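One structure is given below, encoded as structure tokens.
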Amino acid sequence: MAGAFTNTVFGFLRCYVLLAVAGAASRGLAGGYDRAQLATFVWAGQGLLAVVLLWGWSELADRIRSGDVAGDLLRPVNPVVSYLAADLGRAGHAVLTRFVPPVVTGLLFFDMYVPGRWFTVPLFAVSAVLATVACFGCRYLVNSVAYWLADARGPMIAWVLGSGVLSGLYFPLRFMPDWLAVALWVATPFPSLLQTPLDVLVERDPPAMQVGLVAVQAYWAVLLISACLWVQRRAERKLVIQGG
Amino acid sequence: MAEGDVPRPYLALLRGQARAQAAYRASFVIDLASNVFATVMDVLTVLVLFRVSRTLGGFTLREAMVIVGMSAVAFAAADLAVGNIERIKTYVRTGLLDAVLVRPLGALPQLLLMDLPLRKISRTIFGATVYAVALGAAGIDWTPARAVLVVVAPLAGVVFFGAIFVASAAVAFWWVETGEIGNAFTYGGRDFATYPITVYSGWFRRLFAYGLGFAFVSYYPALALLGRTDPLGLPPWVGYVAPGVAVLAAAAAAAVWRVGIRHYRSTGS
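See the structure below:
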């Protein structure tokens, strides 16, 4: 409840600021979004933030520091797989408790954009799942730093500060110069965490591009999970050496 | 105990904190650097928004940056001084608060000095720099009254944000699991005060700007410095009396804190 309340207050703040940007921009289009699209972008973004769980996951780092992680390694399931399964369950629950309240609030107080293409909503669902997997991969990697440094606080601060701006939470990445936005999409996973599902939902691009962005997301999700598996193997080898 | 001795225990607490936090030098330097980035991101966000539109809520970038700088330095300094009071819910839950209450010192200053996040000083300095640069770029027509306001307004902002931190933390006395509700008013209030309040509208603006008083942190003082009339119709002298709102907020927060601590029953753990 408390988290949904805070997300909603920030929804109002961000929505008013972006609407003011659109109001003053030429032809009322800011970065290619009209006012209704920006409202949907903000409110769905406030909900999706809690579904992909951009911030506030330090379970793995805490278990590494306390040594409890040894218990995870004894199980017959790879820790990456078991943590991912738990995270998807958490995300499913968050759809009801954290995604719906801000979106309903947005619908009550602002003119929101309603998708027109028949495939947009299912594509958005696929995109949201891929975003959750990719975001889990990022969080897992950041937490894994604790295997080597014992304290993952520094990388976590960097993650919190960087991910908000680069994933499109504070402003749509299309507000930046095109070359920079494209570079972020191709070279970093950040736009795949929030910006892509939101762009898909508000139909910012023609259908081919919409599907293309989701394909980029799938590429990042696979890459990140593979990286997690690789890091986990390396870490386990190191832990055995340490344990004697 | 002589009168002059009163601050001594507090100074000892502060010295201990400074020594402890500077002990791991590399870690402290990383903390200093990463703290600046939070405000760097806020400023970058404003610059990106102005890249898309020439004006925001009827204000140009140069004018808006005075508001951004003023609220950034005020929030960062308040966060440095009292921001860690957010951790009160941990203190209540673990029973540490009981240990604090039995000592013959004020509970609030003890809690603050037990965990003063010195790393946040870098953010305060960066905020002050943004404020100074914005003032220089805004082409202000200096008068003695404005020269006083330019210093008083951010100081009042520190007091105001400090009051918001203490008041939202005091909720923990009634409701241990305050979660993130306080963040809506501390960080939310900071975000609100970062932009000209003309970008907001309806009951939301009335609530945050006038009901909670965030319009008087940076918007009205900045209007007075810039010599602009308020599009929302308040007279020009409001900017000069705006710091009075900080005093009221501090008094209200002190009252909430006092009632809260009297209401506090140990968790017994």
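Residue numbers (the numbering used here), protein chains in the order written: chain A, 1 to 244; chain B, 245 to 513. C-beta atoms are modelled at their ideal positions from N, C-alpha and C, and glycine is treated no differently. Predicted, not measured: the structure shown is a model, and the values here were computed from it.
| Query | Result |
| --- | --- |
| Which residues in chain A have a C-beta closer than 8 Å to the C-beta of residue 274 of chain B? List them in chain order. | 154 |
| Nearest chain A C-beta to residue 246 of chain B closer than 8 Å, yes or no? | Low local confidence applies: a pLDDT of 45 at residue 246 of chain B is under 50, so the model's placement there is unreliable, with the coordinate-based value given in what follows. No, because no Cβ of chain A sits closer than 8 Å to the Cβ of residue 246 of chain B. |
| What residues in its chain sit with their C-beta under 8 Å from that of residue 302 of chain B, if we drop five residues either side in the sequence? | 440, 442 and 475 |
| Taking Cβ positions only, does residue 161 of chain A come closer than 8 Å to chain C? | The structure shown has no chain C; the protein chains it does contain are A and B. |
| From this set, B:416, B:280, B:478 and B:330, which residue's C-alpha is nearest residue 372 of chain B's C-alpha? | B:280 |
| Counting only beta-carbon separations shorter than 8 Å, does residue 365 of chain B have a partner in chain A? | no |
| Could you check which residue in A:162, A:195, A:132 and A:71 has the C-alpha nearest to that of residue 85 of chain A? | A:132 |
| Have a look at A:194, A:220, A:110 and A:55 and flag the residue whose alpha-carbon is nearest the alpha-carbon of residue 39 of chain A. | A:110 |
| Taking the beta carbon of residue 286 of chain B as the centre, do at least 16 other beta carbons fall within 10 Å, making it buried, or is it exposed? | buried |
| Around the Cβ of residue 185 of chain A, are there at least 16 other Cβ atoms within 10 angstroms (buried) or fewer (exposed)? | buried |
| What is the rounded straight-line gap between the Cα of residue 386 of chain B and the Cα of residue 414 of chain B? | 41 Å |
| Kindly give me the distance between the Cβ atoms of residue 394 of chain B and residue 469 of chain B, rounded to whole angstroms, as I take these residues to be in contact under 8 Å. | 6 Å |
| Whole angstroms is fine: what's the gap from residue 416 of chain B's alpha carbon to residue 1 of chain A's? | 16 Å |
| For the segment 14 to 38 of chain A, enumerate the residues whose C-beta is nearer than 7 Å to any C-beta of chain B, in chain order. | 16, 17, 20, 21, 24, 25, 30 and 31 |
| Step through the CB atoms of chain B and report whether any lies within less than 8 Å of the CB of residue 124 of chain A. | no |
| Which residue marks the beginning of the alpha helix (DSSP H) containing residue 252 of chain B, and which one marks its end? | 252 to 267 |
| Should residue 312 of chain B be flagged as near chain A, meaning a C-beta pair shorter than 8 Å? | no |
| Which term fits residue 119 of chain A, buried or exposed, when burial requires 16 or more other beta carbons within 10 angstroms of its beta carbon? | exposed |
| Run down chain B in chain order and give the residues with a C-beta less than 8 Å from the C-beta of residue 41 of chain A. | Those within 8 Å of residue 41 of chain A in chain B number zero; the least Cβ separation is about 14 Å. |
| Three or more C-beta pairs closer than 8 Å, one from the segment 48 to 62 of chain A and one from the segment 162 to 170 of chain A: is that the case here? | yes |
| What is the rounded straight-line gap between the Cα of residue 32 of chain A and the Cα of residue 65 of chain A? | 46 Å |
| Hey, how far is the Cα of residue 357 of chain B from the Cα of residue 329 of chain B? | 10 Å |
| With a threshold of 7 Å, establish whether the CB of residue 301 of chain B neighbours any heavy atom of the ligand SAM. | Ligands displayed in this structure: none; no statement on the ligand SAM is therefore possible. |
| Give me the residue from B:264, B:320, B:405 and B:444 with the minimum Cα distance to residue 519 of chain B. | Because chain B in this structure spans residues 245 to 513, residue 519 of chain B falls outside the shown range and cannot be described. |
| Three-state secondary structure (DSSP) at residue 208 of chain A? | helix |
| For the segment 320 to 373 of chain B, which segments carrying the beta strand (DSSP E) assignment without a break, of at least 3 residues, lie completely within its bounds, in sequence order? | none |
| Along chain B, which residues have their Cβ under 7 Å away from the Cβ of residue 245 of chain A? | Examination of residue 245 of chain A is not possible in this model, given that chain A is present from 1 through 244 alone. |
| Could you tell me if residue 268 of chain B is buried or exposed, where buried requires 16 or more neighbouring beta carbons within 10 angstroms of its beta carbon? | exposed |
| Please list, in chain order, all residues of the same chain as residue 44 of chain A whose beta carbon is under 7 Å from its beta carbon, the five residues on each side excluded. | 103, 198 and 201 |
| Taking all protein chains shown into account, do 16 or more other C-beta atoms lie within 10 angstroms of the C-beta of residue 430 of chain B, making it buried, or fewer, making it exposed? | buried |
| Could you check whether residue 135 of chain A and residue 193 of chain A sit closer than 8 Å to each other, using their CB atoms as the reference points? | yes |
| Apply the 10 Å Cβ neighbour rule to residue 488 of chain B and answer buried if 16 or more other Cβ atoms are within range, or exposed otherwise. | exposed |
| Quick one: which chain A residues come within Cβ less than 7 Å of residue 292 of chain B? | 171, 175 and 176 |
| Taking the alpha-carbon of residue 315 of chain B as reference, which of B:334, B:278 and B:435 has the nearest alpha-carbon? | B:435 |
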